[in-house]
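Beneath this line is the structure, given in C-alpha cells, with notes to follow.
In this note's numbering, the protein residues as written are 1087 to 1717.
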C-alpha cells in the first residue's frame, strides 16, 4: 500500500467517492500505539462551495454531534478545517451512500425491491424525527439538506443519515445549486429560504420516489407532481406504486403549507402503512441485497481494512525506540559497527518512510539474533576442540575441563546465566515482531535451542568426578588455571584400547557440539502441526477463553418506544477482535421493533471487551451481547 497522505491530524487511507459536496475518504487517527480510530471523513470541497463561508456556518457542529446519538444517525467524532477546507468525520461505516447504490442498481439493472426502499426511507425519517426532538441551545436540530449522498447504508443493512452539522450552512452559502443535490431539496430550500421543519419531508418523498421507481423527481414536472407519481411504475416489478405509498409521496411534494408538517409525522405515516400493508422489510434482507450488489467491493474492502490494521503507523520516533535496541543487540555481535550506523538514521519522517519498512527488517533481526545465540551455544564446544588436534578420541571427562582455562575471558559467555540472558533477549525481540508467521517459526526454534541447552548439560554432569563437576559449575576460572600443570593429556591415550571398547559413549558429545548448526532447518516441519496465531478466528473449545465484556456504553432508548412505554431485551452477536474491539454485529432471532434492534446494534458496536484467547494467544471470536431496555 502507498504511504497515506496526511490531512490535518488524519491519514487518508483511501478515497471512497467524490460528488457535488466534495470527497469522502477512509481515514485514520494515529497515536502512540499506531492506528487508533478509522473514520469516514467528508471533506467539503465540492465545486461552488465556499469553504470559508461554510466553515463560519458550522460553528456549532461539535455541539450538534454531541447532542445526536441514535442508531440511524452517523456518529460524529470531529468537525474541523484544513487549508480552508471544512470537514466532518464520523465513525467508519462499511457500506455505500445512497447515491452510489442508486447508480449501481442502474448499471446492474437490479432495481431496489419495495421492502428495501420503504425500510431505508423509514430509517432516514426516524433519524430526522429523533434529531428534531434534540436541542442545541434553544434550537431544535433540523437537517435542511437531506440528499442520497448523505445517507449511508451499511453492509449489515443499517441506514444512517449524515450531515446535520452542515445542512443549514450549505443552503445559506449556496452550496446546493448543483442539479445532483437540488433535485432532492424542496423548492424553498433551492430558493435559499431559511430551514423549516417541512423541508425534510419534501426530501423524504423525493428519495422514496426514486428508490421505488429508479427515476429522479424533477422540480415542477409539466404534468404535476401527483400525476407524475400516478404515471410511474415500480422499477422492481413494473406494477403501479401501492396506493398508500403513492399518497405519502404526493403529500410530501405539496407546497410547504399543505405538506406533511414534520419528519415525526412523516415517520408515523410510513410506519403505519408498513405495518398495515403487505410489506416485510428487514435489515437482514437489505444486507443480503447489498452483498449481492457490491460483492466484489465488500470483499476488497475487508481485505483493505485487514491490511490497514496491520500497518505500523506509529510516529517514527516511537518506532525507532522499539527497533534500535533489537538491531544493536543482534547485529553488533555479528557486524561490528553496522548497528550504530542504522540506529543513527532510524528516525525517518512518516511521509518519507514506507509503512512496512519496520516489518521488512524484522526477519534479519531474528536471523542475526539466532546466529549469535547459536554461536554462543557452539562456542564452548569449539573452544574445547581448539588446541587438541592430537587427541580426537579423548573421553568427555578429559575433554571438558582441560581446555576451559585456555580461552580465559571467553568462559563467562558459557555460563548458564548469560545463555539464559540470550534466550530472554530472543524472546523479547520475538514479542516485538509483528509477523505472526515468523513468530511461529521462531517459537519452534527457541524451544529447540532450549532443549539443546539442556542436552549440553546432561553429558557433562555424570561424566566428571564430583570434584571436577564442582569445578565446572564454578563461574570462577582461577582454580582451573591452578590445575592446568596437572593436565596429562597423553596419559589417557596410552590405554587407548580400553576406551575403544567403551567408545559407543564417545560419539554422543559430537552430535551435541554440531547440533546447533544442523538444527537450523529443523523448524521446517513445524507448520505441519496447526498452531493458533494472533488474530485467528476461533470457536469455543479446549484452551479457549471467551471474550469478557469490559465496557458497555449506555444504550440510547428509542424515542418511539419511550413514547409508547415499551421495553425489550435484544441479543446481538458480536465479532470481537484480538484487541477487544467489535468488528461485526448481527441481530439474530425475532426483531423487537420500535427501534430496539437498531439501538442494541449501535451500543454493541461501541462495546469493548477483554479479547478471547486460545492457548494464551489473543484471537477473534463471536459472542452474544444481551442489551436490556427498560423505561
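Note that beta-carbon positions come from the ideal geometry of N, C-alpha and C, so glycine has one too. Computed from a predicted structure; not experimentally measured.
Could you check if residue i is buried or exposed, using at least 16 other CB atoms within 10 Å of its CB as the buried criterion?
i, result
"residue 1195", "exposed"
"residue 1393", "exposed"
"residue 1651", "exposed"
"residue 1628", "exposed"
"residue 1257", "buried"
"residue 1334", "buried"
"residue 1676", "exposed"
"residue 1133", "exposed"
"residue 1197", "buried"
"residue 1170", "exposed"
"residue 1623", "exposed"
"residue 1229", "buried"
"residue 1202", "buried"
"residue 1360", "buried"
"residue 1109", "buried"
Measuring only the C-alpha atoms, how far is residue i from residue j?
i, j, result
"residue 1656", "residue 1644", "13 angstroms"
"residue 1354", "residue 1276", "27 angstroms"
"residue 1377", "residue 1713", "27 angstroms"
"residue 1096", "residue 1541", "54 angstroms"
"residue 1348", "residue 1687", "27 angstroms"
"residue 1374", "residue 1660", "18 angstroms"
"residue 1249", "residue 1165", "11 angstroms"
"residue 1342", "residue 1279", "12 angstroms"
"residue 1272", "residue 1295", "14 angstroms"
"residue 1585", "residue 1538", "Its pLDDT being 44, under 50, residue 1585 is placed unreliably in this model, and the coordinates cannot settle the point."
"residue 1662", "residue 1232", "34 angstroms"
"residue 1207", "residue 1293", "7 angstroms"
"residue 1144", "residue 1346", "28 angstroms"
"residue 1638", "residue 1240", "22 angstroms"
"residue 1182", "residue 1238", "6 angstroms"
"residue 1245", "residue 1508", "56 angstroms"
"residue 1344", "residue 1337", "8 angstroms"
"residue 1305", "residue 1340", "12 angstroms"
"residue 1680", "residue 1091", "43 angstroms"
"residue 1530", "residue 1617", "11 angstroms"
"residue 1111", "residue 1264", "21 angstroms"
"residue 1116", "residue 1142", "28 angstroms"
"residue 1697", "residue 1668", "10 angstroms"
"residue 1371", "residue 1381", "15 angstroms"
"residue 1352", "residue 1287", "7 angstroms"
"residue 1708", "residue 1187", "29 angstroms"
Any chance the CB of residue i is under 7 angstroms from a heavy atom of the ligand MG?
i, result
"residue 1107", "Looking for the ligand MG in the displayed structure turns up nothing, as the structure carries no ligands at all."
Which of helix, strand or coil does DSSP assign to residue i?
i, result
"residue 1103", "strand"
"residue 1668", "strand"
"residue 1301", "coil"
"residue 1707", "strand"
"residue 1161", "coil"
"residue 1240", "strand"
"residue 1098", "strand"
"residue 1252", "coil"
"residue 1273", "helix"
"residue 1623", "strand"
"residue 1714", "strand"
"residue 1126", "strand"
In terms of residues, what are the limits of the beta strand (DSSP E) holding residue i?
i, result
"residue 1655", "1654–1662"
"residue 1092", "1091–1093"
"residue 1247", "1245–1247"
"residue 1177", "1171–1177"
"residue 1110", "1108–1117"
How many whole angstroms separate the CB atoms of residue i and residue j, which I take to be in contact at a CB cut-off of 8 angstroms?
i, j, result
"residue 1113", "residue 1125", "5 angstroms"
"residue 1270", "residue 1234", "7 angstroms"
"residue 1255", "residue 1379", "Wrong, their Cβ atoms sit about 33 angstroms apart, outside the cutoff."
"residue 1128", "residue 1174", "5 angstroms"
"residue 1137", "residue 1131", "7 angstroms"
"residue 1642", "residue 1155", "5 angstroms"
"residue 1217", "residue 1210", "11 angstroms between Cβ atoms; not a contact."
"residue 1671", "residue 1242", "7 angstroms"
With residue i as the anchor, note down where its alpha helix (DSSP H) starts and where it stops.
i, result
"residue 1186", "1184–1194"
"residue 1338", "1329–1338"
"residue 1203", "1200–1218"
"residue 1700", "No alpha helix (DSSP H) contains residue 1700, which is instead part of the beta strand (DSSP E) from 1698–1700."
"residue 1385", "1381–1395"
"residue 1313", "1311–1317"
"residue 1350", "1349–1362"
"residue 1345", "Residue 1345 -> no alpha helix (DSSP H), and no H or E assigned at all."
"residue 1636", "Careful: residue 1636 lies outside any alpha helix (DSSP H), inside the beta strand (DSSP E) at 1634–1637."
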